[in-house]
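Listed in order, the protein sequences are those of chains L and E. Going by our numbering, the first residue of the first sequence is number 620, and it counts up by one from there. Going by our numbering, the first residue of the second sequence is number 8, and it counts up by one from there.
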Amino acid sequence: GQNIDQPTEMTATEGAIVQINCTYQTSGFNGLFWYQQHAGEAPTFLSYNVLDGLEEKGRFSSFLSRSKGYSYLLLKELQMKDSASYLCAVKLTGGGNKLTFGTGTQLKVEL
Amino acid sequence: GAVVSQHPSWVICKSGTSVKIECRSLDFQATTMFWYRQFPKQSLMLMATSNEGSKATYEQGVEKDKFLINHASLTLSTLTVTSAHPEDSSFYICSARDIGEGVYGYTFGSGTRLTVV
């Protein structure tokens with residue numbers, strides 16, 4: 620089976636930096652996505668990594684190490700509106716390019 | 008950008024009845040659409056992959072006779088929950104793949120909250 624693990628919950632302070640980790644063990648790998656999801660809404664795309672290294676996009680950065688089966692999402696200058704669920708998803712090789720989602724991390728930003 | 012319209016946004020139905028959920032790609036052709044189910048405070052679980060003009064591919068453990076998927080055109084896929092039971096109550100989300108957007112081409116619908124009473 621596919622295993623994609625994330626911490627269940629995290630709490631951080633407004634203005635701070637938070638790192639959300641994702642570890643995966645999958646049968647094949649063809650890229651990793653990070654999505655943000657507010658309760659009752661559709662996930663929105665944040666970042667994509669397919670090669671090792673860091674991808675920076677404004678306040679959000681994502682890192683990938685394929686040899687370690689590890690990724691993280693870094694959120695800087697946290698705002699209250701960043702309180703949401705963060706999902707990592709692995710695109711598997713073959714299988715119609717489907718995405719397999721991790722367990723999800725609920726982030727709460729406090730004053 | 009690409010838009011996927013999903014309807015209804017919420018529905019309440021009686022146990023034993025069937026419910027149809029529609030997913031439309033508004034400004035692109037989606038040869039592949041994905042259907043997910045999400046229980047409260049849990050992640051998205053892929054139910055099936057539907058390809059236009061062919062039978063859907065279901066994930067292990069998903070009953071294909073209970074969750075009927077039809078992808079009759081390049082812009083429309085439907086999920087019908089047949090003989091619904093309270094345990095089918097969940098948040099259902101579709102995703103359409105826009106090949107023109109390359110690796111970024113996964114657009115999600117706004118989801119359907121199904122409550123079976």
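By construction, the Cβ of each residue, glycine as well, lies at the ideal position given by its N, Cα and C atoms. Bear in mind that the values here come from a model prediction, so they are computed numbers and not experimental data.
- Message: I'd like to know if ILE19 (chain E) contacts chain L, where contact means its C-beta is closer than 9 Å to some C-beta of that chain.
- Response: So, not an interface residue.
- Residue from L:THR663, L:LEU651 and L:VAL637 with nearest C-alpha to MET699 (chain L): Nearest C-alpha to MET699 (chain L) among L:THR663, L:LEU651 and L:VAL637: L:VAL637.
- Inter-residue spacing [alpha-carbon to alpha-carbon] between ASN668 (chain L) and LYS21 (chain E): The alpha-carbon atoms of ASN668 (chain L) and LYS21 (chain E) are separated by roughly 44 Å.
- Message: Going by beta-carbon coordinates alone, are LEU665 (chain L) and TYR705 (chain L) separated by less than 9 Å?
- Response: Yes.
- Would you give the residue range spanned by the beta strand (DSSP E) that HIS92 (chain E) belongs to? Where HIS92 (chain E) is concerned, there is no enclosing beta strand (DSSP E), given that its DSSP letter is neither H nor E.
- Item | For THR114 (chain E), the residue or residues it bridges with in DSSP | Answer is E:ALA103.
- Item | Closest residue to ASN716 (chain L) among L:GLY723, L:PHE652 and L:THR627 (Cα-Cα distance) | Comparing Cα-Cα distances from ASN716 (chain L) to each of L:GLY723, L:PHE652 and L:THR627, the minimum goes to L:PHE652.
- Nearest neighbour of ILE76 (chain E), chosen from E:THR119, E:TYR113, E:PHE41 and E:ARG120 [CA to CA]: With distances taken between Cα atoms, ILE76 (chain E) lies closest to E:PHE41.
- Going along the chain, which residues of the segment 100-117 of chain E sit with their C-beta nearer than 7 Å to a C-beta in chain L? Taking 7 Å as the Cβ-Cβ cut-off against chain L, the residues of the segment 100-117 of chain E that qualify are ILE100, ARG104, VAL110, TYR111, TYR113, PHE115, GLY116 and SER117.
- Sub-9 Å separation of VAL11 (chain E) and THR119 (chain E) beta-carbons: Contact: no.
- Taking all protein chains shown into account, do 16 or more other C-beta atoms lie within 10 angstroms of the C-beta of HIS78 (chain E), making it buried, or fewer, making it exposed? So HIS78 (chain E) counts as buried.
- Determine the DSSP secondary structure at ASN649 (chain L), reduced to helix, strand or coil. Three-state result, ASN649 (chain L): coil.
- With a 10 Å radius around its C-beta and 16 neighbouring C-beta atoms as the bar for buried, classify GLN67 (chain E) as buried or exposed. With fewer than 16 other Cβ atoms within 10 Å, it is exposed.
- Message: Can you pull the chain L neighbours of ILE49 (chain E), defined as C-beta to C-beta under 8 Å?
- Response: For clarity, residue 49 (chain E) is Gln in the given sequence; the question names Ile instead. Within chain L, the residues THR722 and GLY723 have their CB atoms less than 8 Å from the CB of GLN49 (chain E), given in chain order.
- Message: For a contact defined as C-beta to C-beta under 8 Å, what are the partners of LEU706 (chain L) on chain E?
- Response: Within chain E, the residues near LEU706 (chain L) are SER50 and LEU51.
- Residues of the segment 71-95 of chain E whose Cβ lies closer than 8 Å to any Cβ of chain L, in chain order: Those residues of the segment 71-95 of chain E that come within reach of chain L (Cβ to Cβ, closer than 8 Å) do not exist; the list is empty.
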